[in-house]
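Have a look at the structure below, then the notes.
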Amino acid sequence: MTVQRFAATSVWLTCLGAVGPMWFGGVGAAEEQAVVKPMAPFEFLEVKQQLTGDPILVVNYPWIRHQRPTIEIRRLDDTPETTAARPLYFGSEYMHGTNLAAMYRCEELSAGLPASTEFTKDEVRFIVTGRRNPLEKPSVVVRCQSEKPGPRYGVRAVYGLLEAWAVNNKTLFLELPREDFAQPGRIEAVFYRGEDVVWTERADWPGYPEKAGRGDKEKGRQGEKQ
Numbered sequence: 016m017t018v019q020r021f022a023a024t025s026v027w028l029t030c031l032g033a034v035g036p037m038w039f040g041g042v043g044a045a046e047e048q049a050v051v052k053p054m055a056p057f058e059f060l061e062v063k064q065q066l067t068g069d070p071i072l073v074v075n076y077p078w079i080r081h082q083r084p085t086i087e088i089r090r091l092d093d094t095p096e097t098t099a100a101r102p103l104y105f106g107s108e109y110m111h112g113t114n115l116a117a118m119y120r121c122e123e124l125s126a127g128l129p130a131s132t133e134f135t136k137d138e139v140r141f142i143v144t145g146r147r148n149p150l151e152k153p154s155v156v157v158r159c160q161s162e163k164p165g166p167r168y169g170v171r172a173v174y175g176l177l178e179a180w181a182v183n184n185k186t187l188f189l190e191l192p193r194e195d196f197a198q199p200g201r202i203e204a205v206f207y208r209g210e211d212v213v214w215t216e217r218a219d220w221p222g223y224p225e226k227a228g229r230g231d232k233e234k235g236r237q238g239e240k241q
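Position 53 of the sequence shown, counting from 1, maps to 68 under the working numbering, and the rest follow consecutively.
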């Protein structure tokens, strides 16, 4: 298991309410009827921006109601391989035994230092990564990568220990791995209850902003001197 040090950061996040206000009013003096404003969908995906400028995926879904809930985020590209890809079913197929123990261990270690380990199964590379998330909680995400054409093709991020990512019983703040989701594009979220798919949703992902490199800093310094 590989452990690396990192600089801890504290990020405050703000999530807007999922359900709009409900208004009631009289239509007229002769007709006393209640007018109800349509409510927003209860389950949805939304991308918010952290104070650091990085995006975060907000999942509004009553995850606490389900036994063994997991959520899988997959990149959707316009390639034949990706079009043929299907949900990975990580929770029921791979999240048990030593793999599950590794997830708990990485989450535990991430309270102080990031931790990672990996394994390969069915020609899919699984990278278990634990670190403190934007909610400042020890957490773990599993990066799944496969280049073999077929149902397992593509890049995914799986979240199996959801308590660490939860704002409350119906809202999750998911930080997608920068290594796999740096570029903008379409993503698909698949929510599982054990081995059953109970909800899917797609959204536009903006990607991560590029960090200023040393060369950019040097250019800035030269411009200031001029």
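Backbone N, C-alpha and C fix where the C-beta goes; we use that ideal spot for every residue, glycine too. Here the structure is a predicted model, which means the values were calculated and not measured.
Which same chain residues, not among the five before or five after residue i, have their C-beta less than 7 Å away from its C-beta?
i	result
A218	L60, V62 and I202
P77	N184 and K185
P221	V62, P70 and P199
A45	In this prediction, A45 has a pLDDT of 40, which is less than 50 and means its spatial position is unreliable; what the coordinates show is noted afterwards. There are no such residues.
P102	E87, V205 and V212
Since residue i and residue j are thought to touch, with beta carbons under 8 Å apart, how far apart are those beta carbons, to the nearest angstrom?
i	j	result
Y223	P70	7 Å
A100	Y168	5 Å
A179	P153	6 Å
R158	P199	Contact doesn't hold; Cβ gap of about 19 Å is too wide.
Can you tell me where the alpha helix (DSSP H) holding residue i begins and where it ends?
i	result
P84	Unbroken run through P84 is the beta strand (DSSP E), P84 to L91; no alpha helix (DSSP H).
Y207	Unbroken run through Y207 is the beta strand (DSSP E), G200 to R208; no alpha helix (DSSP H).
P95	P95 to A99
F105	F105 to E108
F196	R193 to F196
Go through its chain and collect everything with a Cβ distance to residue i's Cβ below 6 Å, but skip five positions before and after it.
i	result
H81	R208
T215	V205
F134	F141
L187	V74, W180 and A181
K163	E138
Measuring only the C-alpha atoms, how far is residue i from residue j?
i	j	result
A117	I88	20 Å
V143	P129	11 Å
Q65	L189	12 Å
L57	N75	The question names Leu, yet the displayed sequence has Phe at residue 57. Cα to Cα, F57 sits roughly 7 Å from N75.
T97	D137	17 Å
G165	V139	11 Å
F196	N114	23 Å
R146	Y119	12 Å
T94	S161	14 Å
S131	E123	11 Å
V212	K226	37 Å
R90	L72	13 Å
N148	G106	21 Å
P67	L150	Per the sequence shown, residue 67 should be read as Thr rather than Pro. Taking the straight line from one Cα to the other gives about 13 Å.
Near residue i, what residues of its chain come up, given a Cβ to Cβ distance below 8 Å and the 5 sequence neighbours on each side ignored?
i	result
V104	Correcting the residue identity first, residue 104 is Tyr in this sequence and not Val. Excluding residues within five positions, the ones whose Cβ falls inside 8 Å are Y207 and E210.
L177	W78, P84, T85, I86 and L187
C251	Absent from the structure is residue 251, since the part of the chain shown begins at 16 and ends at 241.
E194	R158
Mind checking which residues open and close the beta strand (DSSP E) that includes residue i?
i	result
G169	G169 to Y174
P70	P70 to N75
S125	Run containing S125: none; DSSP gives neither H nor E here.
D211	D211 to W220
E133	A130 to K136
R158	P153 to S161
T67	From DSSP, T67 is part of no beta strand (DSSP E); its letter is neither H nor E.
F57	Where F57 is concerned, there is no enclosing beta strand (DSSP E), given that its DSSP letter is neither H nor E.
A181	A181 to N183
R147	V139 to R147
L189	T186 to L189
ask   = If you pair each beta-carbon of the segment 166-175 with each one of the segment 104-116, do three or more pairs fall below 8 Å?
value = yes
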